[in-house]
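Asker: First the structure, which I've put down as structure tokens, then a few questions once you've had a look.
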Amino acid sequence: MDQSIVGNRFEAGAQYLDGALRPGTADQHFDVSNPADGSVVQRVRLASTADVDTAVAAARRAYPEWSGSTPGARSEALLKLSGILADRAEDFARVESAQTGKPIKLTTEFDVPGTVDNTAFFAGAARNLEGKAAGEYSGDHTSSIRREPIGVVGSISPWNYPLQMAAWKILPAIAAGNTIVLKPAELTPLTSLMFAQACTDAGIPDGVVNVITGAGRTAGEHLVGHPDVSMVSFTGSTGVGKRVGEVAVQGVKRTHLELGGKAPFVVFDDADLEAAVHGAVAGSLINTGQDCTAATRAYVQRPLFDAFVAGVAELYDQVRLGDPFNPQTDLGPLVSLRQRDSVAGFVERARGYGATIAAGGFVPKQGHDGTDLSNGAYYRPTLITGVGQDAEVVQSEIFGPVLVVLPFDSDEEGLRLANDTPYGLAASAWTRDVYRSLRATREIQAGCVWVNDHIPIISEMPHGGYKASGYGKDMSQYSLDEYTQVKHVMQDITAVARKDWHRTVFGDR
Ligand code: NAD
């Protein structure tokens with residue numbers, strides 16, 4: 013990997029505390045590596061729990077001024093931030109690709125522009141906090157709503173979309189007037205740190221946005237349990253989310269949990285087959301399948317089943333794996349060898365219980381561009397058939413380039429199977445029949461249901477789960493609800509000393 017991509021910009025350290033980069037003080041280093049070839053991108057000294065305390069103290073100090081600023085002032089800063097991010101788009105895309113192995117076309121066309129757009133959206137949303145109209149609901153009082161920030165937010169993010177996850181956490185929190193300490197995944201902290209630097213450059217005061225690069229069980233858990241953290245916002249696996257919830261509830265903190273997914277992809281027999289096949293390939297392989305909303309279980313009505321499997325297998329075999337910085341590369345490696353081995357383990361176990369591997373199912377040696385892939389965390393796109401609904405590959409989140417296809421007969425059966433996992437983050441239905449579409453969107457239990465597409469997101473609309481995929485919404489005006497608390501103010505307008513309702517205490521006296 014070209015070391016000049018990151019250069020010496022993190023020489024001062026990989027903790028962003030109170031408006032500046034500083035070194036961590038834990039007795040532990042972490043090598044942020046490029047999973048395409050294993051090269052070290054940045055050696056980081058991790059945060060100790062004392063560094064978390066420093067970050068929380070900075071956020072707490074910054075809170076009175078920031079929460080007291082006008083929505084207009086916060087909006088102006090966010091608008092400036094979106095301009096800075098746009099100016100630095102190429103740099104963000106390259107560093108994001110270097111630390112994750114994402115193809116440069118993905119970071120350039122999706123991760124970075126999505127983040128710029130989100131920032132511009134929250135610049136507008138900051139000025140549009142909503143509540144019920146003030147009014148005389150009792151007749152004797154004027155009731156009004158104050159929508160107030162919560163305090164210091166402790167956020168924890170995963171490695172799959174490091175920049176976008178940092179933005180999804182930071183933007184609504186600060187737009188609403190909170191201050192924040194974000195702990196990104198140790199594997200991928202670099203663009204979160206760059207985002208925090210851009211916040212400072214946009215004029216957002218020191219301490220409003222802090223980033224600590226630390227281990228989950230030490231720095232992360234310390235942040236979640238910190239008495240000065242009023243709200244916890246977590247995106248990651250359902251297992252860790254449960255632990256985060258347990259720790260947060262001890263302090264009765266507001267929690268926002270965006271967890272795992274196992275999205276169904278339901279193809280009815282009237283669907284446009286070409287659209288469904290292309291949608292399944294793109295929807296399952298985006299970000300090398302490391303996407304919580306990726307299509308993972310395709311249910312295809314019997315008449316289309318064989319043609320669908322053949323079509324997806326053919327396209328899977330054509331996908332170009334290679335150097336992430338080659339603009340021709342479709343798919344990069346998984347985020348780490350550990351994640352690759354985890355994915356390969358699911359496929360090997362599926363072979364063991366009799367699954368048919370219709371495409372992929374192996375570690376490739378050479379890329380489309382001649383790149384030697386042997387030191388990278390690559391895995392061929394893998395299509396699995398011939399398993400039942402209770403198979404591990406159908407029920408568990410694999411988080412890699414693996415799609416399982418199962419047949420169904422009646423519409424009822426297809427929708428029942430779609431709902432038959434613990435998860436409920438996203439789903440899609442493929443049909444040209446308006447009644448089937450309406451039924452599927454009504455009956456599928458998921459926070460997002462697409463019709464004749466799978467994956468697109470937009471800043472104006474909410475993203476978040478049902479069931480074991482968690483609760484709380486990211487993006488959209490709904491996320492501002494998460495990061496604010498509603499206060500009812502009730503003012504007497506009668507100026508009467510002895511009010512009617514006092515009779516309940518004083519009787520007739
Ligand atoms: P993970 O749960 O292993 O880690 C997420 C974060 O939690 C990391 O920053 C990690 O350091 C931290 N952490 C680990 N243990 C902790 C603890 N005890 N206390 C506090 N923090 C701790 O998840 P991951 O492997 O980084 O990411 C993949 C997962 O994220 C998948 O399950 C995916 O579906 C999910 N995800 C969900 C969404 C969504 O919007 N619902 C979006 C992206 C990813």
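Note that our numbering has the sequence shown beginning at 13, numbered continuously upward. Every residue gets a Cβ at the ideal spot worked out from N, C-alpha and C, and that includes glycine.
1. Which of the three DSSP states is assigned to Leu235 in this structure?
2. Which one or two residues does DSSP pair with Gly166 in a beta bridge?
3. Could you tell me which residues DSSP pairs with Ser440 in its beta bridges?
4. Would you kindly work out how many angstroms separate the C-alpha atoms of Thr119 and Gln497, rounded to a whole number?
5. Taking the alpha helix (DSSP H) that Val68 belongs to, which residues open and close that run?
6. Nearest to Glu472 by alpha carbon, out of His290, Trp180, Asp432?
7. Taking all protein chains shown into account, do 16 or more other C-beta atoms lie within 10 angstroms of the C-beta of Lys377, making it buried, or fewer, making it exposed?
8. Any heavy atom of the ligand NAD inside 8 Å of the beta-carbon of Leu437?
9. At which residues does the beta strand (DSSP E) containing Gln497 begin and terminate?
10. Is any heavy atom of the ligand NAD found at a distance shorter than 8 Å from the C-beta of Pro468?
11. Whether or not the stretch 209-217 and the stretch 238-256 are in contact is what I'm after, with contact meaning three or more pairs of Cβ atoms, one per stretch, closer than 8 Å; do they touch?
12. Rounded to a whole number of angstroms, what is the C-alpha to C-alpha distance between Pro115 and Gly436?
13. On the CB-based measure, 16 or more other CB atoms within 10 Å of its CB, does Asp465 come out buried or exposed?
14. Consult DSSP for Gln209 and reduce its assignment to one of helix, strand or coil.
15. Would you identify the three-state DSSP class for Val18, choosing helix, strand or coil?
16. Is the distance from the Cβ of Phe280 to the Cβ of Gly291 below 9 Å?
17. Taking just the CA atoms, how far does Ala135 sit from Arg444?
18. Between the C-alpha atoms of Thr191 and Asp240, what's the straight-line distance to the nearest angstrom?
19. Can you determine whether any heavy atom of the ligand NAD sits closer than 8 Å to the C-beta of Arg57, and answer yes or no?
20. With a 10 Å radius around its C-beta and 16 neighbouring C-beta atoms as the bar for buried, classify Val359 as buried or exposed.
21. Determine whether the beta carbon atoms of Leu316 and Leu269 lie at a separation below 9 Å.
22. Would you say the beta carbon of Ala178 comes nearer than 8 Å to a heavy atom of the ligand NAD?
23. Output the residue ranges of the alpha helix (DSSP H) runs that lie fully inside the stretch 376-461 and measure 4 residues or longer, sorted by chain position.
24. If you measure from the CB of Pro2, is any heavy atom of the ligand NAD nearer than 8 Å?
25. Residue range of the beta strand (DSSP E) that Asp43 falls in?
26. Which residue marks the beginning of the beta strand (DSSP E) containing Glu155, and which one marks its end?
27. Could you check which residue in Arg21, Tyr390, Ala306, Lys499 has the C-alpha nearest to that of Val416?
28. Less than 8 Å between the CB of Pro170 and some heavy atom of the ligand NAD, yes or no?
29. Looking only at its chain, what residues have a beta carbon closer than 8 Å to the beta carbon of Glu102, apart from the 5 residues adjacent to it on each side?
30. With the cut-off set at 9 Å, would you say His234 and Val56 are in Cβ contact?
Answerer: To lay it out plainly:
1. helix
2. Val193, Val244
3. Phe277, Trp462, per the DSSP bridge assignment.
4. 35 Å
5. 61-80
6. Trp180
7. exposed
8. yes
9. 496-504
10. Not under cutoff, so the answer is no.
11. no
12. 28 Å
13. By the neighbour-count rule (16 or more Cβ atoms within 10 Å), Asp465 is not buried but exposed.
14. helix
15. In the structure shown, Val18 sits in coil (DSSP, three-state: anything other than H, G, I, E or B).
16. no
17. 38 Å
18. 11 Å
19. no
20. Counting Cβ neighbours within 10 Å, Val359 comes out buried, since at least 16 surround it.
21. no
22. no
23. 404-407, 423-430, 446-455
24. This structure cannot speak to residue 2, because the chain is shown only from 13 to 521.
25. 41-45
26. The sequence shown places Ser at residue 155, not Glu. Following the DSSP letters along the chain, one finds Ser155 inside the beta strand (DSSP E) bounded by residues 153-161.
27. Ala306
28. yes
29. Excluding positions up to five away in sequence, the list reads Thr120.
30. Taking 9 Å as the Cβ cut-off, His234 and Val56 do not qualify as a contacting pair.
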